[in-house]
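These notes concern the structure reproduced below.
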Amino acid sequence: MESQFTNDSIGCRQSLSAGNSLKNQTGSLKTGYGVARAHHGELLQGVFEGPDGCLKRVLVSIPCGIYKSEVSFTPNGSDVVEIEPKWKVKSCRAVALTLSSLGKHKCGGRVQIRSNIPVGWGFGSSTSDVTAAIRATANALSERLTPHKIAALAVCAETACDATMFGKRMVLFAQREGMVVEDFRSSLPKLEILGFNTSPNGNGIDTIGFPPARYSWWEIEAFRPMVGLLRRAVHLRSPQLLGQVSSASATINQHYLPKPHFQDLKEISEEVGAVGLQVAHTGTIAGLLFDPGDRLKESRIEQAQALLTTIGIKDMWVFQTRETGLAHAKKVGKGNGNY
Amino acid sequence: MGITKIAPTVIESVVLPKLIRLDRNLYGASFFLMKLLPARFILDRARDAGLLHEGSVIIETTSGTFGLALAMLCKLRNYKLIIVSDPAIDAPLQRRLEDLGTTVEIVREPSRTGGFQQARLDRMAEVQAAHPEHFWPAQYSNPHNPGSYAPFAELLTETIGKIDCLVGTVGSGGSMCGTSLYLRLLFPQLRVIGVDTHGSVIFGQPDQKRMLRGLGNSLMPQNVDHSVFDEIHWVDAAAGLMATRVLHKKHALYMGPTSGAAYLAAQWWAKRNPEAVVVVVLPDEGYRYQDTAYNDRWLHEQNLWLDNLPESPVRVDHTLEAGSEWTCMDWNRRTYEEVMGAPFSVVKNNEPVVSIR
Chain A
4 MESQFTNDSI GCRQSLSAGN SLKNQTGSLK TGYGVARAHH GELLQGVFEG
54 PDGCLKRVLV SIPCGIYKSE VSFTPNGSDV VEIEPKWKVK SCRAVALTLS
104 SLGKHKCGGR VQIRSNIPVG WGFGSSTSDV TAAIRATANA LSERLTPHKI
154 AALAVCAETA CDATMFGKRM VLFAQREGMV VEDFRSSLPK LEILGFNTSP
204 NGNGIDTIGF PPARYSWWEI EAFRPMVGLL RRAVHLRSPQ LLGQVSSASA
254 TINQHYLPKP HFQDLKEISE EVGAVGLQVA HTGTIAGLLF DPGDRLKESR
304 IEQAQALLTT IGIKDMWVFQ TRETGLAHAK KVGKGNGNY
Chain B
381 MGITKIAPTV IESVVLPKLI RLDRNLYGAS FFLMKLLPAR FILDRARDAG
431 LLHEGSVIIE TTSGTFGLAL AMLCKLRNYK LIIVSDPAID APLQRRLEDL
481 GTTVEIVREP SRTGGFQQAR LDRMAEVQAA HPEHFWPAQY SNPHNPGSYA
531 PFAELLTETI GKIDCLVGTV GSGGSMCGTS LYLRLLFPQL RVIGVDTHGS
581 VIFGQPDQKR MLRGLGNSLM PQNVDHSVFD EIHWVDAAAG LMATRVLHKK
631 HALYMGPTSG AAYLAAQWWA KRNPEAVVVV VLPDEGYRYQ DTAYNDRWLH
681 EQNLWLDNLP ESPVRVDHTL EAGSEWTCMD WNRRTYEEVM GAPFSVVKNN
731 EPVVSIR
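If you want it as structure tokens, here you go:
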């Protein structure tokens, strides 16, 4: 059984008429495709002043090419959007919202999601699905949407979303407004990341159900120098400075979404000479960051894997932030491949 | 982005310092009036907490630039400001405060212990009692004083990036403790060098009359977190004032004596650590000191003239070994009690009346 989502999201429910049907406007019913990669949690998550002077919850996502969501959308002349798998209701809603925003108020169709992104680990599976679904819908209508537009639709569909739709472009993103607070006008500088699941036996996190962190005034202020250093890190393309920002962000957020073994992880990061520690603020994954240009990188990563094993971490993987294809990602460690 | 904005008031235009390269690895953070940062943040937080409204009365005691910063903000925000001060306030500053609509009360007699600072606090308590609805910014104990320095830390990280050493004078503890704690989140190894002067109790010296004004204290401010500091320098008046002149003669930077004292310690440390990126905090401009630090005759009359800057400080192992010259000591992020063997206390009539930490 597929779930159904009636396309009346902006309240103009009419019967289909030949005048505004998709078929008559485009000449044919075309299947659209959309892809979105996962992210590997955040480099920074906190609160920052927006252009309007108001404080906003913000994040900087780390794009991750290991996993992706692929969506197809086939308009079928009905006024109902159907999705497979049926529990992905946010993506279903995103398609309906996209159709409405593109003026196709009475258009329905079939949405097919194929995703290998683990759910609830912090890989941003939901936003990846939603982003790919919006892209597929726009593609079916032969439209191109800006990342800003996709973000606005995504946040309507799922309350809060991350910056997946910006791809490699680095932005300070207000996840509850779907709005860019600061565009770093660059891609994330290249990092090599040893990722792992800090809670291999856990059931993941319900992203929306989790209460947002109530930062103290001091912590809110402390995000200023962190964002300042992020600007410098982008300007210098510096993995070291990025690592310092992510470690500081992880430390502050440890009070709100604690990762098991956090102190051990910080010590391992120091001991092996990683440039920093990074966590998924709405999930259980974390990563040690390395300078891809460091000639001792391989041995540092090997040493880190050995030390992580001693604190019970089994699933590990290595990827580079600027690599896009799945072929470049390599899985390491034991116990992988079971999701 | 990249478009120069018009400042809504003078505060926004001067609240952050200019960053100036003084040496290969030494950057000066040159403030117009550093105390604008804490004054603004303290008033913002009080307003957000519903403690301040148009026409509110603000009462503070200060003889220095914190009063000027408050006066500027209170004028622009329509608060009524009463400043309790002492004869150390210079006439031009007093006129400037009054021009901004501030009521200035001068305490004429020092207290037997704690000097004019204690006398000012006593008088302020009386003025506060007469205005029960007042707001007291309390720069020495309000955590929003050190907490106000995040925009400064942001400017440093954005412009310089990694910082290895921060040098600055300690008076209320706000700028050095506040900036350091923000920066240490990112750079845990950051070396923090506090600059004090002889006769200041902050780092354990016996209270005495101080010739170098604007740093040090006769009372222990709660906002000094001693465990922030790796190294302490005590700069004497002659060396501090001459360093102020060197900052001007060599770098054309016309700053006040606290800037000179900080610069003395910073340039020495930066030369000895050529690989480290050093930032020195220069808190205010030199115009208030035209008749003193920038007046050769006054310096000679006061016996404060030096032909050359001392090359290096005398290193001591304990605060109480410090003589009258420029002196330094490793503080090693210890508490006051860990260094001095007992918590700070002021003895009046053989009874401890103030005990902090």
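For the protein sequence lines, the chains are A and B, in the order given. Heads up, my numbering is the position in the first sequence plus 3, with the first residue counted as 1. Heads up, my numbering is the position in the second sequence plus 380, with the first residue counted as 1. Think of the CB as a built atom: it goes at the ideal place given N, C-alpha and C, for glycine as much as any other residue.
Measure the CB-CB distance between residue i and residue j and report whether it falls below 9 Å.
i	j	result
F411(B)	D576(B)	no
G594(B)	G721(B)	no
Q585(B)	A702(B)	yes
G373(A)	D82(A)	This structure cannot settle anything about residue 373(A), because the visible part of chain A is limited to 4 through 342.
G404(A)	K59(A)	Examination of residue 404(A) is not possible in this model, given that chain A is present from 4 through 342 alone.
A216(A)	L260(A)	yes
R235(A)	K193(A)	no
M168(A)	I153(A)	yes
L621(B)	T549(B)	no
D297(A)	G276(A)	yes
G37(A)	A139(A)	yes
A97(A)	A157(A)	yes
L291(A)	I271(A)	yes
Could you compute how far the alpha carbon of residue i sits from the alpha carbon of residue j?
i	j	result
T29(A)	E146(A)	With a pLDDT of 46 at T29(A), under the threshold of 50, the modelled position of that residue is not reliable, and the figure given next carries that caveat. Approximately 11 Å between the Cα atoms of the pair.
T707(B)	A632(B)	27 Å
Q281(A)	R179(A)	21 Å
K26(A)	L46(A)	With a pLDDT of only 45 at K26(A), under 50, the local geometry of the prediction cannot be trusted, and the value read off the model is given with reservation. Going from the Cα of K26(A) to the Cα of L46(A) covers about 44 Å.
T553(B)	G286(A)	The question names Thr, but residue 553(B) is Gly in the sequence shown. Each residue's Cα considered, the two are about 39 Å apart.
E274(A)	R303(A)	9 Å
A155(A)	D267(A)	39 Å
A499(B)	A387(B)	39 Å
H238(A)	G495(B)	51 Å
M182(A)	K460(B)	40 Å
M591(B)	T624(B)	14 Å
N653(B)	A510(B)	54 Å
K385(B)	E392(B)	10 Å
F724(B)	I439(B)	27 Å
S24(A)	K33(A)	Reliability of the predicted coordinates at S24(A) is poor, the pLDDT of 43 falling under 50, and the value obtained from them is presented with this limitation in mind. When rounded, the distance between both Cα atoms is 13 Å.
E489(B)	L599(B)	17 Å
C545(B)	Q647(B)	12 Å
C454(B)	T130(A)	47 Å
K728(B)	T493(B)	For K728(B), the pLDDT reaches just 41, beneath the cut-off of 50, and the residue's location in the model is therefore unreliable, although a value from the coordinates is still provided. Answer to the nearest angstrom: the Cα atoms are 6 Å apart.
F609(B)	I573(B)	6 Å
Which residue's Cα is closest to the Cα of residue i: the options?
i	options	result
F446(B)	T537(B), I543(B), A518(B)	A518(B)
K542(B)	S104(A), P228(A), V174(A), G123(A)	P228(A)
L565(B)	T254(A), A163(A), V237(A)	T254(A)
D466(B)	I486(B), R457(B), L396(B), P526(B)	I486(B)
A451(B)	L480(B), I469(B), R475(B), A471(B)	L480(B)
W221(A)	I422(B), R404(B), L402(B), A409(B)	I422(B)
E85(A)	Q308(A), A39(A), T162(A), A136(A)	A136(A)
I116(A)	A99(A), W124(A), L299(A), W90(A)	W90(A)
P214(A)	K171(A), T101(A), D297(A), T162(A)	T162(A)
A641(B)	Q602(B), N675(B), V608(B), S692(B)	S692(B)
H675(B)	G636(B), M556(B), Q647(B), T699(B)	Residue identity check: residue 675(B) is Asn in the sequence provided, not His. Answer by Cα proximity: G636(B).
G49(A)	E305(A), S202(A), A309(A), A177(A)	A177(A)
F583(B)	E538(B), L473(B), D697(B)	D697(B)
Less than 8 Å separating the Cβ of residue i from some heavy atom of the ligand FMN?
i	result
S250(A)	With respect to small molecules bound, the structure shown includes none, and the ligand FMN cannot be examined in it.
Please name the residue or residues paired with residue i in a DSSP beta bridge.
i	result
R401(B)	Y407(B)
D576(B)	W614(B)
T549(B)	V575(B)
K262(A)	K262(A) is not bridged to any residue.
L292(A)	I196(A), G279(A)
L182(A)	First, the residue type needs correcting, since residue 182(A) is Met and not Leu in the sequence shown. Partner(s): A177(A).
K59(A)	F51(A)
R695(B)	C708(B)
K460(B)	V437(B)
G495(B)	S491(B)
F567(B)	Beta-bridge pairing links F567(B) to no other residue.
T77(A)	R113(A)
At which residues does the beta strand (DSSP E) containing residue i begin and terminate?
i	result
Y346(A)	Lying before the first or after the last residue shown, residue 346(A) is absent from chain A, which here runs from 4 to 342.
S521(B)	Note, S521(B): premise wrong, no beta strand (DSSP E); not H, not E.
V437(B)	437-441
G112(A)	112-118
T740(B)	Given that chain B is displayed from residue 381 to residue 737, the structure contains no residue 740(B) and the question cannot be resolved.
E681(B)	Element bounds for E681(B): not the beta strand (DSSP E) but the alpha helix (DSSP H), 676-681.
Could you please give the first and the last residue of the uninterrupted alpha helix (DSSP H) stretch that includes residue i?
i	result
V615(B)	No alpha helix (DSSP H) holds V615(B); DSSP gives it neither H nor E.
Q474(B)	471-479
M720(B)	716-720
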